[in-house]
Amino acid sequence: PTETTFDNMLSRIQLAVTETNTAYTESGVTSSLRLVHAYRDEEYDESAGFSQALSDVRGTTDGKMDMVHERRNTYGADMVALIIDNPQYCGMAYMGPTESFVFSVTAWNCATGYYSFGHEIGHNQGCNHDKG
């Protein structure tokens with residue numbers, strides 16, 4: 001049933017937020033994440049791939065997940081993270097921290113344990129990969 005699936009996904013999202021906050025604390029980062037809202041878009045087709053999903057969640061008039069922007073404003077979310085069921089990558093995000101580019105997409109099975117959720121949020125916050 002859909003509710004059971006949503007409850008399971010919500011638990012995974014909350015765990016991803018907790019893991020990210022733990023990583024922040026252990027790294028001396030003084031900011032933290034707080035989940036302000038989560039919902040499931042039953043109409044969205046996740047099979048198009050990460051680049052398309054990232055464009056879709058950011059778009060405001062393309063007819064795909066346009067409601068996310070209203071919800072973002074209603075709940076006062078600084079960033080939007082889309083969790084999808086697609087094995088193409090673990091995640092993809094815009095480089096922030098500009099309000100119109102703080103969107104990320106993470107595969108549900110990489111969101112926790114692999115820290116991909118926190119990794120993509122890091123890009124939204126302006127962090128780049130270590131060039132070594």
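Under full-length UniProt numbering, read the sequence shown as residues 1 to 132, first letter to last.
Glycine included, each C-beta is placed from N, C-alpha and C at the ideal position.
Can you name the start and end residues of the alpha helix (DSSP H) that residue i belongs to?
i       : result
Phe-101 : Segment: none, Phe-101 is in no alpha helix (DSSP H) and carries neither H nor E.
Helix, strand or coil for residue i? Go by DSSP, reduced to three states.
i       : result
Met-95  : coil
Leu-33  : coil
Ala-111 : coil
Asn-128 : coil
Ala-38  : coil
Ser-116 : helix
Could you tell me the alpha carbon to alpha carbon distance between residue i and residue j, rounded to whole angstroms?
i      : j       : result
Ala-81 : Ser-116 : 11 Å
Ala-23 : Lys-131 : 20 Å
His-37 : Val-105 : 16 Å
Ala-53 : Ala-107 : 11 Å
Glu-42 : His-119 : 26 Å
Inset, instruction - Specify whether the region 86-105 and the region 118-130 touch according to this definition: at least 3 beta carbon pairs, one from each stretch, less than 8 Å apart. - result: The answer is yes - the region 118-130 touches the region 86-105, with three or more Cβ pairs under 8 Å.
Inset, instruction - Enumerate, from N- to C-terminal direction, the unbroken beta strand (DSSP E) stretches of 3 or more residues contained entirely within the region 42-94. - result: Runs found: 80-84 and 91-93.
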